[in-house]
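What follows is one structure encoded as structure tokens, with my remarks underneath.
2 protein chains.
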Amino acid sequence: MTTFKKWGVVDHVLNLENSIIREILKLSSQPGIISFAGGLPAPEMFPETDLREAANQAFEKYHHNCLQYSFSMGVPELRQELANYCSARIPEIRPENILVTSGSQQGLDLVARAFIDPGDYIICEQPTYVGALQSFNFFQARYATVEMDDDGMIVDQVEEALKRYNPKFIYVVPNFQNPSGITMSLQRRLELIDLANKYNLPIIDDNPYGELRYEGEDVTGLRALGGDTVISLSTFSKIVAPGFRIAWLIAPEDMMPVFERVKQCSDLHSNTFGQMVLLEYLRSGKLPGHLDLIRQTYGARRDLMVKAIDEYFPDEVTYVKPDGGLFLWATLPVGMSGKDLLAKAIEAKVAYVYGSPFFANGGGERTFRLNFSNASDEQIVEGIKRLGNIIKENM
Amino acid sequence: MTTFKKWGVVDHVLNLENSIIREILKLSSQPGIISFAGGLPAPEMFPETDLREAANQAFEKYHHNCLQYSFSMGVPELRQELANYCSARIPEIRPENILVTSGSQQGLDLVARAFIDPGDYIICEQPTYVGALQSFNFFQARYATVEMDDDGMIVDQVEEALKRYNPKFIYVVPNFQNPSGITMSLQRRLELIDLANKYNLPIIDDNPYGELRYEGEDVTGLRALGGDTVISLSTFSKIVAPGFRIAWLIAPEDMMPVFERVKQCSDLHSNTFGQMVLLEYLRSGKLPGHLDLIRQTYGARRDLMVKAIDEYFPDEVTYVKPDGGLFLWATLPVGMSGKDLLAKAIEAKVAYVYGSPFFANGGGERTFRLNFSNASDEQIVEGIKRLGNIIKENM
Numbered sequence: 010m011t012t013f014k015k016w017g018v019v020d021h022v023l024n025l026e027n028s029i030i031r032e033i034l035k036l037s038s039q040p041g042i043i044s045f046a047g048g049l050p051a052p053e054m055f056p057e058t059d060l061r062e063a064a065n066q067a068f069e070k071y072h073h074n075c076l077q078y079s080f081s082m083g084v085p086e087l088r089q090e091l092a093n094y095c096s097a098r099i100p101e102i103r104p105e106n107i108l109v110t111s112g113s114q115q116g117l118d119l120v121a122r123a124f125i126d127p128g129d130y131i132i133c134e135q136p137t138y139v140g141a142l143q144s145f146n147f148f149q150a151r152y153a154t155v156e157m158d159d160d161g162m163i164v165d166q167v168e169e170a171l172k173r174y175n176p177k178f179i180y181v182v183p184n185f186q187n188p189s190g191i192t193m194s195l196q197r198r199l200e201l202i203d204l205a206n207k208y209n210l211p212i213i214d215d216n217p218y219g220e221l222r223y224e225g226e227d228v229t230g231l232r233a234l235g236g237d238t239v240i241s242l243s244t245f246s247k248i249v250a251p252g253f254r255i256a257w258l259i260a261p262e263d264m265m266p267v268f269e270r271v272k273q274c275s276d277l278h279s280n281t282f283g284q285m286v287l288l289e290y291l292r293s294g295k296l297p298g299h300l301d302l303i304r305q306t307y308g309a310r311r312d313l314m315v316k317a318i319d320e321y322f323p324d325e326v327t328y329v330k331p332d333g334g335l336f337l338w339a340t341l342p343v344g345m346s347g348k349d350l351l352a353k354a355i356e357a358k359v360a361y362v363y364g365s366p367f368f369a370n371g372g373g374e375r376t377f378r379l380n381f382s383n384a385s386d387e388q389i390v391e392g393i394k395r396l397g398n399i400i401k402e403n404m
Numbered sequence: 010m011t012t013f014k015k016w017g018v019v020d021h022v023l024n025l026e027n028s029i030i031r032e033i034l035k036l037s038s039q040p041g042i043i044s045f046a047g048g049l050p051a052p053e054m055f056p057e058t059d060l061r062e063a064a065n066q067a068f069e070k071y072h073h074n075c076l077q078y079s080f081s082m083g084v085p086e087l088r089q090e091l092a093n094y095c096s097a098r099i100p101e102i103r104p105e106n107i108l109v110t111s112g113s114q115q116g117l118d119l120v121a122r123a124f125i126d127p128g129d130y131i132i133c134e135q136p137t138y139v140g141a142l143q144s145f146n147f148f149q150a151r152y153a154t155v156e157m158d159d160d161g162m163i164v165d166q167v168e169e170a171l172k173r174y175n176p177k178f179i180y181v182v183p184n185f186q187n188p189s190g191i192t193m194s195l196q197r198r199l200e201l202i203d204l205a206n207k208y209n210l211p212i213i214d215d216n217p218y219g220e221l222r223y224e225g226e227d228v229t230g231l232r233a234l235g236g237d238t239v240i241s242l243s244t245f246s247k248i249v250a251p252g253f254r255i256a257w258l259i260a261p262e263d264m265m266p267v268f269e270r271v272k273q274c275s276d277l278h279s280n281t282f283g284q285m286v287l288l289e290y291l292r293s294g295k296l297p298g299h300l301d302l303i304r305q306t307y308g309a310r311r312d313l314m315v316k317a318i319d320e321y322f323p324d325e326v327t328y329v330k331p332d333g334g335l336f337l338w339a340t341l342p343v344g345m346s347g348k349d350l351l352a353k354a355i356e357a358k359v360a361y362v363y364g365s366p367f368f369a370n371g372g373g374e375r376t377f378r379l380n381f382s383n384a385s386d387e388q389i390v391e392g393i394k395r396l397g398n399i400i401k402e403n404m
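Here the protein sequences come in this chain order: A and B. Heads up: the first sequence runs through residues 10 to 404, numbered per this note's numbering. Heads up: the second sequence runs through residues 10 to 404, numbered per this note's numbering.
In structure tokens form, the structure reads like this:
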């Protein structure tokens with residue numbers, strides 16, 4: 010008998026599943042495999058030189074203050090700078106609305122800690138972000154899932170769920186959703202906010218990709234539309250670099266004492282040094298130009314993947330061409346399984362993530378997700394070609 | 010009605026108390042106040058130049074890898090280097106026993122998440138570290154407290170508590186305890202391990218100060234004595250700098266999949282950049298010399314505070330002279346209250362933390378804690394003089 014079974018580890022922790030994505034990532038890290046499985050930003054696009062400059066500026070300007078303990082809410086100067094930065098999209102935002110988190114994953118965890126008692130319901134999209142499910146599952150949430158179409162979550166289904174399940178919050182990824190790539194329309198956003206107001210519950214707006222649009226017009230964000238009805242999660246991970254684990258939660262000011270206490274229990278505060286580096290990077294004024302560059306690069310990779318799919322996948326495979334973000338979502342012909350096909354794809358040295366883990370209540374067996382941000386042009390064409398062959402061979 | 014009351018925040022979160030220490034820190038940050046309230050390492054002692062060099066090395070050697078996502082268990086090279094570093098004190102340690110955490114506070118949270126169901130009992134010292142109580146309180150732990158004497162937790166009281174409360178683990182701060190400054194004797198450590206083995210539960214060995222000994226001989230650590238019976242928490246916060254939020258949890262290898270999953274739910278992984286900086290700092294070989302320096306400095310500050318207390322405090326105040334760590338623990342004469350006295354101390358421009366929050370089940374009204382690491386010689390003498398006067402005036 011192993012040590013931890015002998016000890017009193019709580020049942021719901023023993024029952025937590027290992028992240029299937031992390032398992033697939035291990036598989037797909039074998040040499041020679043072309044992987045569309047991860048969700049990583051392209052490392053060659055990190056503004057390495059500018060971040061090194063910002064790190065040296067942090068030492069130069071703040072000395073030991075960038076190495077000392079700091080506030081649970083975040084470094085005050087960073088909260089101010091983030092408020093300035095976000096004000097282009099969220100006119101009403103103030104530093105008092107911002108809590109710095111250790112990555113958006115911690116934002117999800119803080120929301121879960123604040124709202125979820127075991128058995129509580131959450132409304133979420135079907136499919137939805139699997140990392141959010143991980144955080145919510147720890148607190149033994151249950152899910153009322155709502156289907157999506159090209160305009161995002163089908164809000165007509167939400168009111169029924171609100172009446173039936175008395176959920177704690179509505180969780181959405183409204184922009185270039187992970188995994189589906191779908192963006193919620195303005196009309197749907199307004200309808201969802203109306204419902205949240207009517208039923209007195211918050212919308213959790215998970216928004217890591219909002220600034221990564223490659224075509225079309227921005228849709229006004231949920232926090233800008235809904236104000237204090239909305240708790241938003243944003244992060245530097247996809248627009249600058251994930252390695253500092255610095256993200257931020259935007260919430261009503263009167264909710265902040267709750268999040269502050271929960272943050273204190275979790276890790277006291279997010280790392281001071283990373284906050285200072287990103288403060289200096291924001292102040293350098295280089296982020297807008299950098300965003301243009303990654304939009305160009307990722308947009309071109311998306312276009313190339315779409316072109317390769319049109320060339321190499323059989324017509325029976327359908328897919329969503331996303332206007333932004335990192336992912337392309339596809340559906341296999343009836344009778345096929347994304348999970349079963351993966352073993353064969355790995356044999357052919359190409360990897361993806363199959364879709365079923367993104368369905369909180371099961372389903373999605375024919376779906377799979379392709380990441381286009383972290384592969385070279387050659388890898389995209391060759392990988393899609395291999396995958397197309399595998400699909401054709403197994404139809 | 011405020012937003013969050015209208016929303017469904019869980020009851021036990023609404024009931025969480027604000028950190029009293031954080032409240033006192035706000036009070037004591039007024040200009041002109043000499044504060045012995047915090048637990049901060051001295052910022053002028055941070056190896057700023059060497060850390061800046063390490064940060065530049067991290068960019069130079071790892072490029073975009075120090076900016077990318079990393080493993081939930083921690084950067085492999087750092088886990089290896091930590092195993093090497095710890096092997097001087099823990100002969101059997103391997104990288105597989107090490108999980109990098111976002112500060113020791115997260116280590117406490119991960120332990121709480123893994124073991125505590127609402128209402129579960131924990132055995133802890135009386136007094137004990139208030140930050141641990143915060144993490145454990147979130148999961149609605151109850152406490153079986155065990156008194157301390159000069160040799161630490163009185164282990165004779167532990168078996169009764171084990172039988173009566175069926176606790177999930179035994180939490181101890183065995184070296185220069187925060188707040189009492191007491192170090193657990195070798196004999197007590199061995200007895201405690203025997204009991205933990207007999208009753209099949211882990212000892213949580215919270216050890217941020219173990220390397221900060223200013224006099225006497227090291228006592229062999231709990232993990233070295235007890236092996237896989239012990240889960241240890243160590244941190245760079247007190248020996249290098251807290252601003253990177255990099256610490257580590259040492260646990261049995263077969264327990265690691267549990268902690269890995271719980272870590273994934275919490276924040277995916279600790280910040281890559283800070284891990285790389287501390288990896289390079291460890292590899293530079295400068296930590297042992299730096300430790301000598303801070304031991305000298307903090308040891309001299311402790312001596313000065315003891316000397317000032319002997320000169321300025323009335324004889325009726327008793328105190329523990331610690332062999333290391335950051336804190337000196339004192340007890341007021343019968344009839345006085347550490348809490349009541351604080352208001353008067355703040356008026357006289359000197360601050361401390363009163364002792365009652367460190368008592369999980371109440372008590373300790375006469376006690377208070379003084380930090381000696383983060384004050385200049387002049388501040389120590391003047392602050393203790395002011396405090397002595399306040400005590401005499403209120404006896």
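Quick reminder that beta carbons are idealized off the backbone N, C-alpha and C, glycines included. Keep in mind the model is a prediction, meaning the values are calculated, not measured.
Quiz item: With 16 other CB atoms within 10 Å as the buried threshold, where does M10(A) fall?
Solution: Numbered from 1 along the first sequence, position 1 holds the residue referred to as residue 10(A). Any reading at M10(A) needs caution, since the residue's pLDDT is 40, under 50, leaving its predicted position unreliable; the model's value is listed next. Exposed, by the Cβ-count rule.
Quiz item: For the region 304–323 of chain A, which residues have a CB atom closer than 8 Å to at least one CB atom of chain B, in sequence order?
Solution: none
Quiz item: Using CA coordinates, which residue listed in T327(B), M314(B) and A354(B) is at the minimum distance from P342(B)?
Solution: Residue 342(B) sits at position 333 when you count from the first residue of the second sequence. For P342(B), the nearest C-alpha among the options comes from T327(B).
Exercise. For H21(A), count neighbouring C-beta atoms within 10 Å of its own C-beta (all shown protein chains included) and say buried if the count is 16 or more, exposed if not.
Key: The count along the first sequence starts at 1 and reaches residue 21(A) at position 12. Exposed.
Exercise. Please work out which residues of its chain come closer than 8 Å, Cβ to Cβ, to P176(A), disregarding the five sequence neighbours upstream and downstream, and give them in chain order.
Key: Within the first sequence, residue 176(A) is the residue found at index 167, counting from 1. D129, Y130, I131, I132, A153, A170 and L210, listed in sequence order.
Quiz item: What did DSSP end up calling N209(B) once you bin it into helix, strand or coil?
Solution: Residue mapping note: residue 209(B) aligns to position 200 of the second sequence, counting from 1. Coil at N209(B), not helix or strand.
Self-check item: Alpha carbon of M265(A) to alpha carbon of S241(B), nearest angstrom
Solution: In the first sequence, the residue the question calls residue 265(A) occupies position 256. In the second sequence, the residue the question calls residue 241(B) occupies position 232. One C-alpha to the other measures close to 32 Å.
Self-check item: Interface residues of the region 191–217 of chain B facing chain A [CB-CB below 8 Å]
Solution: N209, L210 and P211
Quiz item: Sorted by chain position, which residues of the same chain lie with C-beta nearer than 8 Å to R311(A)'s C-beta, five sequence neighbours on each side aside?
Solution: Reading the first sequence from its first residue, position 302 is the one you call residue 311(A). Correct list, in chain order: Y223, K330, P331, L337 and F381.
Quiz item: On the three-state DSSP scale, how would you describe V239(B)?
Solution: Start at 1 with the first residue of the second sequence, and residue 239(B) comes out as number 230. Of the three classes helix, strand and coil, the one that applies to V239(B) here is strand, per DSSP.
Self-check item: For F185(A) and D227(A), the rounded distance between their alpha carbons
Solution: Here residue 227(A) refers to the residue found at position 218 of the first sequence. Here residue 185(A) refers to the residue found at position 176 of the first sequence. Cα to Cα, the separation comes out at about 11 Å.
Exercise. Let me know if T58(A) comes out buried or exposed under the rule of 16 or more other beta-carbons within 10 Å of its beta-carbon.
Key: Position 49 of the first sequence, counted from the start, is the residue given in the question as residue 58(A). It counts as exposed.
Practice problem: Go ahead and label M404(A) buried or exposed: buried means 16 or more other beta carbons lie within 10 angstroms of its beta carbon, across all protein chains shown. | Solution: Within the first sequence, residue 404(A) is the residue found at index 395, counting from 1. Exposed, because fewer than 16 other Cβ atoms sit within 10 Å of the Cβ of M404(A).
Practice problem: Give the residues of chain A in contact with C274(B), contact being defined as C-beta atoms less than 7 Å apart. | Solution: Reading the second sequence from its first residue, position 265 is the one you call residue 274(B). D118, Q143, S144 and F147, listed in chain order.
Practice problem: In the DSSP assignment, find the alpha helix (DSSP H) that holds E90(B) and state where it starts and stops. | Solution: Position 81 of the second sequence, counted from the first residue, corresponds to residue 90(B). Segment P85 to C95, the alpha helix (DSSP H) holding E90(B).
Self-check item: L287(A) burial status per 10 Å Cβ neighbour count (16 or more: buried)
Solution: The residue you call residue 287(A) lines up with position 278 of the first sequence. By the 10 Å Cβ count, L287(A) comes out buried.
Quiz item: Since Y307(B) and L396(B) are thought to touch, with beta carbons under 8 Å apart, how far apart are those beta carbons, to the nearest angstrom?
Solution: Position 298 of the second sequence, counted from the start, is the residue given in the question as residue 307(B). Position 387 of the second sequence, counted from the start, is the residue given in the question as residue 396(B). At roughly 20 Å, the Cβ-Cβ gap does not stay under 8 Å, so Y307(B) and L396(B) are not in contact.
Quiz item: What's the call for L195(A), buried or exposed, on a 16-neighbour Cβ count within 10 Å?
Solution: On the first sequence, position 186 is the one that residue 195(A) refers to. Exposed, by the Cβ-count rule.
Quiz item: Is it true that the region 139–152 of chain A meets the region 276–295 of chain A, where meeting means three or more beta-carbon pairs spaced less than 8 Å apart?
Solution: no
Quiz item: Interface residues of chain A around E57(B) at Cβ under 8 Å?
Solution: Within the second sequence, residue 57(B) is the residue found at index 48, counting from 1. Within chain A, the residues near E57(B) are F68, H72, H73 and L76.
Quiz prompt | Proximity test, Cβ basis, 8 Å: R270(A) and chain B | solution = Within the first sequence, residue 270(A) is the residue found at index 261, counting from 1. So yes, R270(A) belongs to the interface.
Quiz prompt | 9 Å Cβ cut-off: residues of chain B touching Q115(A) | solution = Locating residue 115(A) in the first sequence gives position 106, where the first residue counts as 1. Residues of chain B passing the Cβ test: S111, S275, D276 and L277.
Quiz item: Does the beta-carbon distance from I229(A) to V182(A) come in below 8 Å?
Solution: Sequence index remark: in the first sequence, residue 229(A) carries index 220 (1-based). Sequence index remark: in the first sequence, residue 182(A) carries index 173 (1-based). A quick correction: the sequence has Thr, not Ile, at residue 229(A). No.
Quiz item: What does a CB cutoff of less than 8 Å around R375(A) pick up in its chain, not counting 5 residues either side in sequence?
Solution: Here residue 375(A) refers to the residue found at position 366 of the first sequence. The residues are T340, L341, P342, V343, M345, S346, G347 and G364.
Quiz item: Is the beta carbon of A63(B) sitting closer than 8 Å to the one on Y290(B)?
Solution: The residue you call residue 63(B) lines up with position 54 of the second sequence. The residue you call residue 290(B) lines up with position 281 of the second sequence. Yes; because the gap between Cβ atoms is below 8 Å, this pair is in contact.
Quiz item: Which class does L201(A) belong to by DSSP, given the choice of helix, strand or coil?
Solution: As a first step, residue 201(A) must be located in the first sequence, where it is residue number 192. DSSP places L201(A) in helix when its eight states are reduced to three.
Quiz item: Is any beta-carbon of chain A found at less than 8 Å from that of S38(B)?
Solution: Taking the second sequence and counting its residues from 1, the one referred to as residue 38(B) is at position 29. No, its Cβ sits nowhere closer than 8 Å to a Cβ of chain A.
Quiz item: Which two residues bound the contiguous beta strand (DSSP E) that contains Q135(A)?
Solution: Within the first sequence, the letter at position 126 stands for residue 135(A). Q135(A) -> beta strand (DSSP E) spans Y130 to Q135.
Exercise. For S28(A), return the contacting residues in chain B, with the cut-off set at a CB-CB distance below 9 Å.
Key: By 1-based counting over the first sequence, the position of residue 28(A) is 19. In chain order: S81, R270 and Q273.
Exercise. Check each candidate in E134(B), G112(B), Y218(B) and A250(B) and name the one with the smallest Cα separation from L201(B).
Key: For the purposes of this step, residue 201(B) is taken as residue 192 along the second sequence, with counting starting at 1. Per the Cα distances, E134(B).
Quiz prompt | R292(B) and E90(B) closer than 8 Å at C-beta | solution = Against the second sequence, residue 292(B) aligns to sequence position 283. Against the second sequence, residue 90(B) aligns to sequence position 81. In contact: R292(B) and E90(B) (Cβ atoms closer than 8 Å).
Quiz item: Buried or exposed: D118(A), going by 16 or more other Cβ atoms within 10 Å of its Cβ?
Solution: Taking the first sequence and counting its residues from 1, the one referred to as residue 118(A) is at position 109. Buried, by the Cβ-count rule.
Self-check item: Residue environment, Q39(A), which counts as buried when at least 16 other CB atoms sit within 10 Å
Solution: Translated into positions along the first sequence, residue 39(A) becomes position 30. So Q39(A) counts as exposed.
Quiz item: If you measure from the beta carbon of N280(B) to each beta carbon in chain A, is any gap under 8 Å?
Solution: Position 271 of the second sequence, counted from the first residue, corresponds to residue 280(B). N280(B) counts as touching chain A.
Practice problem: Indicate whether R2(A) and I99(A) have their beta-carbon atoms separated by less than 8 Å. | Solution: Outside the modelled stretch of chain A, which goes from 10 to 404, sits residue 2(A), for which no answer is possible.
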